[in-house]
Structures are given as C-alpha cells and as structure tokens.
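Participant: Be aware that the sequence shown starts at 1, since it is given in the UniProt record's numbering, and climbs by one per residue. Built from N, CA and C at the ideal position, the CB exists for glycine as well. This structure is a prediction, so every number in the text was calculated from the model and none was measured.
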Amino acid sequence: MTEKTHEKYMRAAIAEAHQAEILGEVPIGAVVVHDGQIIGRGHNMREKFQDVTYHAEILAIMEACTNLGSWRLEDCDLYVTLEPCIMCSGAIVNARIKNVYYGAKDPKAGAVDSLYHLLSDQRLNHQVNVESGLLGAECSQMLKDFFRAIRKKKKLARKKRRSKD
1 MTEKTHEKYM
11 RAAIAEAHQA
21 EILGEVPIGA
31 VVVHDGQIIG
41 RGHNMREKFQ
51 DVTYHAEILA
61 IMEACTNLGS
71 WRLEDCDLYV
81 TLEPCIMCSG
91 AIVNARIKNV
101 YYGAKDPKAG
111 AVDSLYHLLS
121 DQRLNHQVNV
131 ESGLLGAECS
141 QMLKDFFRAI
151 RKKKKLARKK
161 RRSKD
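(1) Looking at C-beta atoms only, is the number of pairs between the stretch 62–71 and the stretch 26–34 that lie closer than 8 Å three or more?
(2) Kindly confirm or deny that the stretch 156–164 and the stretch 124–141 touch, where touching means at least three C-beta pairs closer than 8 Å.
(3) Should the stretch 73–89 be regarded as contacting the stretch 47–65, the criterion being three or more beta carbon pairs within less than 8 Å?
(4) Indicate whether D106 and E131 have their beta-carbon atoms separated by less than 8 Å.
(5) Where do the N-terminal and C-terminal ends of the beta strand (DSSP E) with G103 fall, by residue?
(6) If G136 and A104 are in contact, beta carbons under 8 Å, what's the gap, nearest whole angstrom?
(7) Should M1 go down as buried or exposed, given a rule of 16 or more other Cβ atoms within 10 Å for buried?
(8) Here's the rule: buried if 16 or more other CB atoms are within 10 angstroms of the residue's CB, otherwise exposed. What is residue 169?
(9) Just reading off the alpha helix (DSSP H) that Y9 is part of, what are its end residues?
(10) Work out the CA separation of W71 and C139 for me, nearest whole Å.
(11) Might you give, ordered along the chain, the residues of its own chain that have their beta carbon closer than 7 Å to the beta carbon of H18, omitting 5 neighbours on each side?
(12) Span of the alpha helix (DSSP H) holding I61?
(13) What residues match up with L78 in a beta bridge as DSSP calls it?
(14) Based on Cα-Cα distance, which residue from G24, T5 and V80 lies nearest to G42?
(15) Pick from I22, R148 and Q37: whose alpha carbon is nearest that of E63?
(16) Have a look at Q39 and G24 and give me their C-alpha separation to the nearest angstrom.
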C-alpha cells in the first residue's frame, strides 16, 4: 500500500475519533480494512454505555467480524489513532489481524510499544506487524486539546463553586 492509502485510512480513523469527541468521549477512533474496503469502524463509547470494553478498536473489530462472518481477521489491517491498550492488543492478537497502524503513542497504557510489546511477543500464537506514528502529531494534538478543554471546564466549575460560597 502507498503512503497516501495509509493516510486515507488513518483519516477515516480520525473521523471516528471526532465522532467520539462530539459525544464527550475521549477522541479515539479505529477502522478495520480488508481488500481495500473499510469493514469495521469504531470510536470510544465507554461513557455513553458505561462499559469498559467499548474501546474504538474493540468496536471496529466486532463490526469487521460481523461483516466477514468470521472472528478471524487474518487479511485485515487496523488503523487506530492511539496506541492500543492491553485489552485491545489482546483482541488484535486473538483476531489475527495482520497489520496495525497507529498514530499517537500512549505512554500510560500503550501495550504495543510504550509499556509492553504484546503484538510482537513471540510467546503468543500470533504476531502483528506494527507501524507507529502515522499522522501521529495530529492524533496526539486531538487528545491534548480534548484533555486541555476538560481541565479548563473543571477549573471554571471550581471557580464558580468558590464564588458562590
């Protein structure tokens, strides 16, 4: 695949992340690609459903499995805006996804490169090819902006409470 093609799919994942942000969720998005077609899309929805498993990657993988009629996603690629966590990395390995392309590193929970190397662990029954940093600055900035806005809202709420006292 060309760099332009990879960028196209990461932009689709970024669009999913924006959907999460509209819902007040952490802006993380993912898409699963098979034979040049997006067959699974997902964005964080943990807050909406109050379910810890509603990560972008998990939702995209679930939709892809439904569309292929199989839990085996051997010829599929996953594009995700943030480095997958332990749970999502486990799902990626178990689904036998071929390639993962992610944008921003996650130094606090990343299980691909930052804290762990689950996708390349030779002790597991499947290893995944990984490319990091795809539109990484844009993916990282989206998260920084989101959390900055949350901190600002909290600060204003505290200030408002103090002024009422």
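Facilitator: Inspection of the coordinates gives the following:
(1) At 8 Å Cβ cutoff, the stretches touch.
(2) Not touching, per the Cβ criterion.
(3) Taking 8 Å as the limit for Cβ pairs, the verdict is that the stretch 47–65 does touch the stretch 73–89.
(4) Not closer than 8 Å, so no.
(5) Segment N99 to A104, the beta strand (DSSP E) holding G103.
(6) Rounded, the Cβ-Cβ distance is 5 Å, consistent with contact.
(7) Exposed.
(8) It is not possible to answer for residue 169, since the shown part of the chain is limited to 1 through 165.
(9) Boundaries of the alpha helix (DSSP H) around Y9: E3 to I22.
(10) Using only the alpha carbons, I get a separation of about 28 Å.
(11) Close CB contacts of H18 within its chain, under the 7 Å cut and outside five residues either way in sequence, are with P27 (chain order).
(12) Segment A56 to L68, the alpha helix (DSSP H) holding I61.
(13) Beta bridge pairing from DSSP links L78 with V32 and V100.
(14) When each option's Cα is compared against that of G42, the closest is V80.
(15) Of I22, R148 and Q37, the residue nearest in Cα terms is Q37.
(16) A small fix is needed here, since residue 39 is Ile in this sequence, not Gln. Roughly 25 Å separates the two Cα atoms.
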